[in-house]
Amino acid sequence: MTTAALSLRGRPAGRPGVLALGVSTLWLSVIVLLPLAAVVVRSTDGGWDTFWSAISSRQAVAALRFTIGVSLVATLVNVVTGTLIAWVLVRDHFRGKSLVNALIDLPFALPTIVAGLTLLALYGPTSPLGIDVAYTQFAVLLALLFVTLPFVIRSVQPVLMELDREMEEAALSLGASNGTVFRRVILPNLVPAMLGGAALAFARAVGEFGSIVLISGNIPFDTQVASMFIFKQIESDNPIGAAAISVVLLMLSLLILFGIRALGRWGARHDR
Amino acid sequence: MIAVRDVRKSFGEFVALDDVSLEIPDGSLTSLLGPSGSGKSTLLRIIAGLEQPDTGTVVIHGDDATRVPPQRRGIGFVFQHYAAFKHMTVRDNVAFGMKIRKQPKDRITARVDELLEVVGLSGYQKRYPNQLSGGQRQRMALARALAVEPRVLLLDEPFGALDAKVRAELREWLRRLHDEVHVTTVLVTHDQEEAMAISDHIAVMDHGRIEQVGAPRELYDRPANRFVMGFLGPVSQVGEQLVRPHDIEISLAPGEGARQAEVTRVVHLGFEVRVELLLEASDGEARGDEPAGRGRGSVSAQITRHEAEQLELVEGGVVWVRTTGRTAVPA
Amino acid sequence: MTVDRPWRIGLRSFALGYLALLLIVPIGLVFFRTFEHGVGAVWESITTPAAVSAFWLTITVTAIAVPLNTVFGVLCALALARGRFRGKAILDAMIDLPFAISPVVVGLALILVYGRGGWLGDLPFQVIFAVPGIVLATVFISVPFVVREVTPVLREVGDDQEQAASTLGASRWQSFWRVTLPSIRWGVAYGVVLSVARCIGEFGAVSVVSGKISGETETLTLLVEKRFQNFDIAGAYAASALLAFIALGTLLAMTRINPRREDA
C-alpha cells in the first residue's frame with residue numbers, strides 16, 4: 014500500500030492526531046493548572062476562618078481597594094489616550110510615524126523592573142525636571158500607564174484600519190459634519206475594541222508588580238498594591254494568607270477574562 | 003442641471019480625468035458608462051464632492067459647487083458596497099440624514115416608513131444590515147439617500163456587487179423609481195446593457211475622456227468611433243467598415259454590392275442564429291483584422307431563426323453577404 | 005473623512021507629547037545617565053562576576069523555556085485551529101490564564117506545589133530557591149505567546165495544502181514538516197520573539213521563587229533590583245541599560261517580522 018493510500022485512509026493529513034491535543038493538555042495542566050489549583054485549594058488550608066480573616070484584614074482590604082481604584086483610573090485614561098493615539102497612527106501621516114508605531118510595543122518588550130527604574134529617573138528624587146512624585150499614589154498610576162500603554166492602542170488600531178471608509182463618505186453625503194461622523198459612525202464601531210483593550214489593560218494592571226516595586230515605596234494603607242501585599246505575606250512566611258488574597262485577585266482577573274470573551278462575541282454581532 | 007467644465011484630475015502619474023466637460027439635464031437619468039480605469043467613478047465622486055478636481059469647475063443648479071464640501075451639496079450618494087451603518091438598524095440608517103438635520107421625530111418616523119414602503123422594505127425597520135441580503139441593503143441605501151430629498155442622486159456601480167438576476171430586477175426597479183420621483187440621477191456602470199436599459203442619456207468614457215454623449219439609441223445606431231461602437235454592442239468588420247452583426251444580410255444569390263462568402267459555422271442561440279462566414283477577397287484588397295481577432299477575413303453575422311430556416315445554411319456552403327449600412331464606422 | 009488641519013496638529017501633538025513624557029524621555033534619560041560617565045564604567049559594571057552569572061542564568065532559563073513553549077505552542081495551535089473536540093473553548097480560555105495572573109501569584113503557586121510542604125515538595129531535586137523553580141516560573145508566564153500567534157495563521161491558511169500533499173503521497177509527518185511548518189514560520193518567529201522578551205524581562209514570579217542567591221539564582225532583572233536597594237544606582241542603570249538594549253533589539257526583530265507575517 015502506498016503512503017498516499019494510508020494517508021487518505023486514516024485521518025486526513027493536516028488534521029492533528031490525538032498527539033497534539035494530548036501533549037498540549039498535559040503541558041498546560043502540569044505547568045499552569047496544577048500550580049493554580051494549589052493556590053485555590055491551599056488557600057483554605059487553615060480553614061475558612063483563617064481565609065476570611067486573611068482577606069478582610071484592614072491592610073488587605075486597603076491594598077485591594079487601592080489596587081482596583083488605581084487600575085480603573087489607569088484603564089480609563091488608556092481608553093481615551095489609547096484611542097486617540099491609535100487614531101493618529103492610522104489616519105495621520107508624518108515623518109517618523111513608523112518609528113513611533115514600533116515604540117508602542119516597548120512596554121511589552123521592556124522588563125517591568127527597568128520600566129520602574131526609568132520612570133523613577135524622570136519622576137523621582139533625581140528628576141532633571143524637578144518633578145518628584147516617587148512614593149505617591151500618582152507614581153503607581155504612572156507605572157500602570159506605562160505598562161498598559163499598548164493594550165487599547167493595539168486593540169483599536171486594526172479595527173480603525175479595517176473601518177469601511179465608505180460609511181464615513183455616506184454620512185458626509187447625508188450632511189453630517191466631521192464631528193458627527195466621528196461620534197455617530199466611527200466611534201460606535203470602535204467601542205468593542207476599546208472595551209476589549211480596556212479589559213486587557215485592567216487585568217494587567219491589577220496584577221502588576223515589577224514596575225511598582227521601586228517607585229511606590231510600598232507604604233501600607235497608602236501606596237501598597239495587592240501584589241506587593243501578597244509578596245510581603247510570602248516573605249513573612251504566611252503563604253496561606255497570601256494564597257487567600259491571591260484567590261480574590263484571581264477571581265477578579267478571571268471575571269475580566271471571561272468578560273473580554275463575551276465582549277468579543279457581542280461586539281461582532283453586527284459584523285458580516 | 004449639473005455642468006462639469008474642463009475638469010482634470012490626476013492621481014500621481016495617473017491621469018484619471020483629462021479635460022472633461024459634461025452637462026446633465028434636470029430630472030434625467032444619465033449613465034456614465036465605460037471600462038475600469040475610464041474615470042467614470044472619479045467623475046461621479048468629483049460631482050459629489052468626495053474628490054476635488056485639479057482644475058475645472060462643477061456647477062450644480064447654477065451654483066459653483068467646486069469647493070463646496072459634500073455635506074452641503076444637496077446630493078444623495080449610493081455606494082457599490084452599500085456603506086450601510088452596520089451598527090444601526092434599518093430605520094436608524096434611513097433616518098440618519100434627517101436626524102442630524104434635527105427634524106422633528108414624528109416627521110422622521112413618517113418619512114422613514116414611507117420610504118421603506120417605496121423601496122419594498124416595510125417591516126424591516128428594526129433589522130440590522132447584516133440580516134439583509136445584498137439587494138435589500140442596496141435598497142435601504144437608496145432609501146437613506148432619498149430621505150434628505152437630494153437635488154441630485156449619484157450611484158456608483160450600485161448593482162455591481164449583486165447577482166445577475168437581482169441586478170436585472172433592481173435596475174428596472176430603479177428606473178420605475180426614477181419615473182416616480184424625478185430626481186436628477188447619475189449612474190456609473192461598466193455594464194452597457196444596464197446603461198442602455200434604463201438611461202435617458204449615456205456618456206461613454208474611456209481613459210479619462212468622454213467619447214460620446216447621447217440617448218442610448220443614438221449611441222448604438224450612430225456611434226462616433228470604434229470604441230463607442232465596440233463598447234455598446236457587438237461589432238463585425240466587413241471590408242473597410244465596422245458594422246453590427248445583425249446589419250449583415252445573407253442571401254443565396256448574388257446581388258448589388260454583395261460579396262461572396264463561405265459559411266464556416268452556424269450556431270443556434272435560441273432565437274438568434276450566429277453565422278460565421280469567411281469572406282472572399284475582392285479586388286486584391288488587404289484583409290483587416292477582425293476586431294474580435296477571429297482571424298483574417300472571417301466575419302460574424304446575426305440572423306433570426308426564421309431567416310436561418312429559410313436560407314437552409316450548411317457549413318461549407320457559399321452565400322452572398324451585404325451590409326444594410328444602417329450603422330457603419332470606418333475600421 | 006479628512007480632519008481639519010488644526011485638529012490634526014492638535015491630536016498629533018497630544019499623542020506625541022503623551023508618548024514622549026511616558027515612554028521616550030524616561031528611556032532616553034536612563035541611557036543618558038548610564039553612559040554619562042563613559043562606556044568603560046558601564047562595561048565594568050556589567051562584567052562583574054555577579055552580573056555575568058546573572059546574564060548567563062537569564063539566557064539559560066530563556067533558552068530552556070522558549071523552545072519548550074514553542075513546541076507546545078505549535079501543537080496546541082494545531083489542536084485549536086484544526087482539531088474537532090469538545091472543550092475546545094475551554095482549552096482556548098485556559099491559554100490566556102497566564103496573562104490574567106499576577107506574577108507574584110505565579111511564584112506563590114509554585115511554592116505551594118514544589119516548596120517545602122507542597123504537593124510535590126519531596127522531589128529528589130530542589131525546585132524552589134533553585135534554578136528549576138526559575139525555569140518553571142519562566143515557562144508558566146510565557147506559555148501563551150507562540151500559541152496565540154500561530155493559531156490565527158493556521159486558521160487562515162486552511163488545510164488545503166496538506167490535503168494536496170497527502171494526495172501527492174506525503175505522510176503526515178512529511179506533510180507537517182514540509183507544508184505546515186513553512187506556512188506558519190513567521191507566526192512562530194513572532195511568537196518566539198515575544199516569548200524571549202517576556203522571559204528575559206520576568207521579575208515578579210522569579211522574585212518569589214528564586215531566593216535571589218547571588219551568583220546562583222539571581223537573574224538580570226533581580227540584579228537590577230538588588231543593586232538599586234544597595235544604592236548602587238550606577239550599577240542598576242548599567243544592568244537596566246543592558247536589558248533595555250536587548251528589549252530594543254526585540255522590538256527591531258518584531259518590526260522586521262511583522263510585514264512578513266502579513267504577506268505570508
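Residue numbers (my numbering), protein chains in the order written: chain A, 14 to 285; chain B, 3 to 333; chain C, 5 to 268. Here a beta-carbon is modelled for each residue, glycine too, at the ideal position from N, C-alpha and C.
Query raised in the report: Based on the DSSP secondary-structure assignment, which residues constitute the bridge partners of Val190(B)?
Result: Leu34(B) and Asp158(B)
Query raised in the report: So what does DSSP say about Met241(A), is it helix, strand or coil?
Result: helix
Query raised in the report: Should Ala330(B) and Leu254(B) be called a contact, given that it needs their Cβ atoms to be closer than 9 Å?
Result: no
Requested in this report: Please confirm whether Gly129(A) and Gly223(A) have their CB atoms less than 9 Å apart.
Outcome: yes
Query - Bridge partners - Ala5(B), DSSP secondary structure assignment - result: Glu25(B) and Val61(B)
Query raised in the report: When you check each C-beta in the region 160 to 193 of chain A against every C-beta of chain B, which residues fall closer than 8 Å?
Result: Asp177, Glu179, Met180, Glu182, Ala183, Ala184, Leu185, Ser186, Leu187, Gly188, Ala189, Ser190 and Thr193
**Report entry** Cα-Cα separation between Ile247(A) and Gln150(A), rounded to whole angstroms
**Finding:** 23 Å
Requested in this report: Sort Gly64(B), Gln304(B) and Phe98(B) by Cα distance to Gly235(B) and report the nearest one.
Outcome: Gln304(B)
Query raised in the report: Distance, Cα to Cα, Phe87(B) vs Leu46(B)?
Result: 22 Å
Report task. Report the residue from Ser124(B), Leu164(B), Phe13(B) and Ala85(B) whose alpha carbon sits nearest the alpha carbon of Glu53(B). Result -> Phe13(B)
**Report entry** Secondary structure, beta strand (DSSP E): runs of 3+ residues fully inside the region 185 to 244 of chain B
**Finding:** 186 to 191, 203 to 208, 211 to 216 and 238 to 240
**Report entry** Rounded straight-line distance, which links the Cα of His283(A) to that of Leu39(A)
**Finding:** 38 Å
Query raised in the report: Does the beta carbon of Glu195(B) fall short of 8 Å from some heavy atom of the ligand COA?
Result: For the ligand COA, the structure offers nothing, since it holds no ligand at all.
Requested in this report: Could you pull out every unbroken alpha helix (DSSP H) segment of at least 4 residues lying fully inside the region 117 to 187 of chain A, listed in chain order?
Outcome: 119 to 122, 125 to 136, 150 to 175 and 178 to 186
**Report entry** chain C contact residues for Ala134(A), given Cβ-Cβ distances below 7 Å
**Finding:** Pro30, Leu33, Val34 and Arg37
Query raised in the report: Looking at the structure shown, is Val210(C) part of a helix, part of a strand, or coil, going by DSSP?
Result: helix
**Report entry** Run of the beta strand (DSSP E) containing Trp322(B), from where it starts to where it stops
**Finding:** Val320 to Thr325
Query raised in the report: What residue does the alpha helix (DSSP H) around His308(B) start on, and which one ends it?
Result: Arg307 to Leu313
Query raised in the report: Should Leu162(A) be labelled buried (16 or more other beta-carbon atoms within 10 Å of its own) or exposed?
Result: buried
Requested in this report: Return no unless some Cβ of chain A is closer than 9 Å to the Cβ of Trp60(C).
Outcome: no
Query raised in the report: Does Arg278(A) get closer than 9 Å to chain B when you measure Cβ to Cβ?
Result: no
**Report entry** Short CB-CB distance (under 9 Å) between Gly78(B) and chain A
**Finding:** yes
Query - Proximity test, Cβ basis, 9 Å: Glu40(C) and chain A - result: no
Query raised in the report: With which residues is Glu278(B) paired in a DSSP beta bridge?
Result: Arg267(B) and Ser302(B)
Report task. Could you tell me which chain A residues have their CB closer than 9 Å to the CB of Phe161(B), listed as they occur along the chain? Result -> Residues of chain A passing the Cβ test: none, with the nearest at roughly 16 Å.
Requested in this report: Measuring only between beta-carbons, confirm whether His209(B) sits less than 9 Å from chain A.
Outcome: no
Report task. Just tell me which of Ser170(C), Ile13(C) and Ile217(C) has its CA closest to the CA of Arg182(C). Result -> Ser170(C)
Query raised in the report: If contact means a Cβ-Cβ distance below 7 Å, which residues of the region 44 to 66 of chain B contact chain A?
Result: Ala50 and Leu52
**Report entry** Same chain, Cβ closer than 7 Å to Val153(A), five either side skipped, listed in chain order
**Finding:** Val83, Ile225, Ser229, Thr236 and Val238
Query raised in the report: How many Å lie between Arg1(B) and His270(B) at the Cα?
Result: Any property of residue 1(B) remains undetermined from this structure, which presents chain B solely from 3 to 333.
Query raised in the report: With Arg231(C) and Gly239(C) assumed to form a contact (beta carbons below 8 Å), what rounded beta-carbon distance in angstroms separates them?
Result: 4 Å
Query raised in the report: What are the uninterrupted segments assigned as alpha helix (DSSP H) that are 4 or more residues long and contained completely in the region 57 to 81 of chain A, given in chain order?
Result: 60 to 69
**Report entry** Ser17(C) versus Gly32(C): straight-line alpha-carbon distance, rounded
**Finding:** 19 Å
**Report entry** Limits of the unbroken beta strand (DSSP E) element including Gln332(B)
**Finding:** Checking the sequence shown, residue 332(B) turns out to be Pro, not Gln. It spans Ala330 to Pro332 - the beta strand (DSSP E) in which Pro332(B) sits, taken as one unbroken run.
Query raised in the report: Gly60(A) CB to nearest chain C CB: under 9 Å?
Result: no
Query raised in the report: Using DSSP with H/G/I as helix, E/B as strand and the rest coil, what is Lys92(C)?
Result: helix
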